[in-house]
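Protein chains in written order, with the working numbering: chain A, 26 to 343; chain B, 260 to 709; chain C, 3 to 328. Please read the structure below before turning to the comments.
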């Protein structure tokens, strides 16, 4: 934002072409080689995990996954155990998968909306102290999650009381209603980054657009819905993907607020339990890790286009 | 998985019904029906004394997970059915930390199985736990030796009855290998060292060990130290050391640690099957003794529960693939036993919670649990015939023997900052190359001031 | 095969999901309604209040109250029963086990943002405009989808050690052995082990940097590139004189988010070494002290130090914004 003129929401027509030219100049043969080396380095560990998850237990533990190429032996046994294992501890992944979905969807929607509202107010509604609030929200990114667990848990289990006066009762949630606690917690923890990111996008929008709408007599609600939202849709996708990955992969928040039973615990909790009391059960860990990886991977790959477009739209200009 | 697959399979039919119950038991919407007809039948007679608690719920939290947790839940099913209550069980690897978070947050479970009396004390001191009801106290006094009951007692008030147990003073070996080479099970420490030397002479590294255990890395090494300290200082001296009446860096402690070091830090003696001394720190404790089955190591000091960690197909018996002997001391007549176990602490005192507490303290519960799979308890009501393997039987015999001097794992009794912190860390550093004095000075300095 | 999956039992959960989504729509609709009711031009404060209310309320409950509480706790004893002044801070800066943690954290926060940015930038520039660009970027971005715990598993597997005489199962040791070396226990030897953990973090985050920076590169105005090209700039000159200055803001975003993320890092260390062998970092030690050891005061003091470490980053970011506004 310092040396670049404020980027418009849309990419300038010539920019792509120019960028390609920058690229061409740098991508000599050596450059391609370096790029390939990086790509291979980055992919190999995951590939190794995937191959290992398909190998028989005794082989995983005694030989490296690359020996597959000289002695190919594959089995789906590990996946069978993880997904449909008959012991309540090794299997029943399906129920936990549903928990993960039930936890993730609202935990992405709420922060998206609240962060977008707040970012809009901080970017386009002129009022005193908004810089202060923005800085405060930004700074909150650093509050370590671990220190917030106890106060938030007592907020749920004991409510809010000031000097003995009960301002808010305890939540007293049972069964599936406990999901609400998890949604609440994830929403709290996601807001600082969400506001930071969306504010960056929104403050980049050309002021003339907003001003024009205002001259036409549109209120903030209308401007937000009709002008701003469509323009920041890619940014929302970006934040949404980040938040999805974060919630889906989270273990700590789920452990505290969702508990560890199949009633409400997500897959990560199940995976951690599957690591088991018996240590390096590589065959279960590799297969389990891969199962939990499939959905975020699919979501990311299918949303990738929006994601990149969101970043392209100039939102990352600081 | 390996050893437990057999009992797990037999229980499968019964288990499926239970699982459906767990899955369906989403609380409010599901009236708990099963108790309706069962109350009067003969099967329920043993549970009558615990009363009827239709539709009540008790939550249990512990560090026991996986297959062992399944077995506990199966054990409780008849109890649940007959009393009409439902026990929601949750096991977590992060138990020690999570229980603190939940309790601080005002959302503790009804019952928790504390593996560390020290942790139990901390919760009592903070006023979080309820004293055990009279019936539980009576059962505990009837079923456990005073040595055990005292670990559930804080400042004269009885809080928690013991549950399971493990015996730590074991050295695992291969009876076949011993027979073939003509080695005898040593009766004294000197014999043990002579044997060690003999084995090293044959080109095999005699000992193998592994102390890696995630954030708990180091605990198997602290067990080693405790076992030797218990023999060197005697039970009273050991108690003084645990209570910090003897400093951590006192000369006698240094001597004991060096005595262990003569084995664990000697490149000739360790780490069979894994490499140099340092490989001990990187080897998972679950895999520490496995080289014995491959003939690449002869001795492995680890608790009775190590029976679960042998590779599938390994028979645990005096004439089988592996077995264990008592880690000897200087005097063959003195046989103090180091061990550990869980204690059932209660955060609430509702009648149904106390009923579960009482049930868990009975011999019936211990026996029912033993029938399902490997399990050791110091509960005197346990019938040794129910033991699932010879090592369980041996452990129970040792625990039941009135002449046995039993001492609890010291690191579980100390303040957690030491017992689950600097002691583990210090011993890991010690294995990884630091010298004894440096490490013990470091641990001593970390002991909380108050 | 017994699937053992009772769909009926899952229905209450899905119903709960439905409630959640309905509640979401209701809240959003209510807020928009309130906004539309309030007249424009006047009372910007009112609009701002409506828009900010949900976020600020949640932030207050979820983060501000805990932050204040933590600060207070850091001056109290482990059980929170008495005031101990600066004791916890003295502990933090004098005890060797705590000082090691602080030092390791500084290594992390110095290296991770730099490495992530460097790798991301290099890769973004190299693949830019190539035929396989999007596929290439996906490959590097994939680790972002892996949880930290999963990444810990993957890399523990890479670093796995087997003694010299037996077959290696860890890739790194296999490579070392193939090159004629002896296998080592990578995670056991400080200070190198911290570097091996940092590699994991860089592996996860480099994709983020690549995508962000590549987007920024594509945003460089055509005129600038054209001008440089006409001046006959070499690819390297082009990179340092045109590309880098043009995408400076995006580089800063990557540096800032990475710094903050690194300071809060917890899972990788926890799953891979459990904080042993001098690899523990502040967030991990804080968790241990506060919850495992019951030393809440010390844990809180570490957390406060963490806030303090981030302050320069926040201040810097704000300065940047001020400059930009001007």
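In this text, a Cβ means the ideal position worked out from N, Cα and C, and glycines have one as well.
Close-in-space but distant-in-sequence residues of the same chain around residue i (CB under 7 Å, 5 per side omitted)
i             : result
residue 628/B : 330, 331, 334 and 634
residue 490/B : 588, 589 and 595
residue 120/A : 287
residue 448/B : 587, 588 and 589
residue 541/B : 471
residue 539/B : 468, 469, 470, 523, 529, 530 and 690
Proximity winner among the options, relative to residue i (alpha-carbon distances)
i             : options                       : result
residue 128/A : 331/A, 270/A, 325/A and 157/A : 270/A
residue 66/A  : 204/C, 218/C and 310/C        : 204/C
residue 60/C  : 210/A, 68/A and 80/A          : 210/A
residue 361/B : 175/A, 170/A, 98/A and 277/A  : 175/A
residue 319/C : 310/C, 227/C, 251/C and 233/C : 251/C
residue 106/C : 197/C, 29/C and 162/C         : 197/C
residue 47/C  : 150/A, 218/A and 237/A        : 150/A
residue 70/A  : 323/A, 316/A, 330/A and 311/A : 311/A
residue 238/A : 323/A, 79/A and 253/A         : 253/A
residue 217/A : 37/C, 51/C and 66/C           : 66/C
residue 307/A : 57/A, 56/A, 260/A and 82/A    : 82/A
residue 477/B : 458/B, 437/B, 543/B and 521/B : 543/B
residue 482/B : 667/B, 696/B, 707/B and 572/B : 667/B
residue 605/B : 404/B, 340/B and 420/B        : 420/B
residue 30/C  : 104/A, 86/A and 138/A         : 138/A
residue 206/A : 292/A, 289/A and 282/A        : 282/A
residue 216/C : 253/C, 182/C and 228/C        : 253/C
residue 625/B : 570/B, 402/B, 308/B and 675/B : 402/B
residue 88/A  : 173/C, 146/C and 183/C        : 173/C
residue 220/A : 141/A, 131/A and 55/A         : 141/A
Cutoff 6 Å; reference residue i; Cβ partners in own chain excluding five residues on either side
i             : result
residue 317/C : none
residue 338/B : 306 and 618
residue 324/B : 350
residue 613/B : 392
residue 689/B : 698
residue 550/B : 467, 531, 532 and 556
residue 670/B : 481, 678 and 682
residue 85/A  : 77, 307 and 308
Contacts around residue i, its chain only, beta-carbon distance under 8 Å, and the 5 residues preceding and following it disregarded
i             : result
residue 191/A : 184 and 185
Beta-ladder partner(s) of residue i, from DSSP
i             : result
residue 347/B : 318/B
residue 288/C : The partner list for residue 288/C (beta bridge, DSSP) is empty, contrary to what the question assumes.
residue 421/B : 602/B
residue 474/B : 472/B
residue 191/A : 186/A
residue 78/C  : 85/C
residue 412/B : 417/B
For residue j and residue i, believed in contact at Cβ under 8 Å, the rounded distance
i             : j             : result
residue 86/C  : residue 299/C : 7 Å
residue 356/B : residue 293/C : 4 Å
residue 90/A  : residue 76/A  : 5 Å
residue 161/C : residue 142/C : Going by Cβ atoms, the distance from residue 161/C to residue 142/C rounds to 21 Å, so no, they are not a contact pair.
residue 268/A : residue 133/A : 5 Å
residue 388/B : residue 418/B : 5 Å
residue 130/C : residue 219/C : 6 Å
residue 365/B : residue 178/A : 7 Å
residue 515/B : residue 427/B : Going by Cβ atoms, the distance from residue 515/B to residue 427/B rounds to 16 Å, so no, they are not a contact pair.
residue 186/C : residue 178/C : 7 Å
For this session: Could you pull out every unbroken alpha helix (DSSP H) segment of at least 4 residues lying fully inside the region 98-173 of chain A, listed in chain order?
Result: 102-109, 118-149 and 155-164, all fully within the region 98-173 of chain A.
For this session: Give, in chain order, every unbroken run of the alpha helix (DSSP H) that is at least 4 residues long and sits entirely within the region 579-647 of chain B.
Result: With a minimum length of 4 residues, the continuous alpha helix (DSSP H) runs that stay inside the region 579-647 of chain B are 610-619 and 622-631.
Exercise. What residue ranges within the region 245-306 of chain A form continuous alpha helix (DSSP H) runs of no fewer than 4 residues, ordered along the chain?
Worked result: 254-274, 277-282 and 292-299, all fully within the region 245-306 of chain A.
Exercise. What are the start and end residues of each continuous alpha helix (DSSP H) run of 4 or more residues lying completely inside the region 310-336 of chain A, in chain order?
Worked result: Within the region 310-336 of chain A, no run of alpha helix (DSSP H) at least 4 residues long lies entirely inside it.
For this session: Starting from the N-terminal side, write out each stretch of the alpha helix (DSSP H) that is 4 residues or longer and does not extend beyond the region 119-194 of chain C.
Result: The region 119-194 of chain C contains these whole alpha helix (DSSP H) runs: 135-143, 150-161 and 173-180.
Exercise. Where are the alpha helix (DSSP H) runs, 4 residues long or more, that stay fully inside the region 534-568 of chain B, in chain order?
Worked result: If we require 4 residues or more, the alpha helix (DSSP H) runs fully inside the region 534-568 of chain B come out as 538-541.
For this session: Only counting runs of 4 or more residues, tell me where the alpha helix (DSSP H) segments fall wholly within the region 196-279 of chain C, in order along the chain.
Result: Counting whole runs of 4 or more residues, the region 196-279 of chain C contains the alpha helix (DSSP H) stretches 224-232, 250-265 and 269-274.
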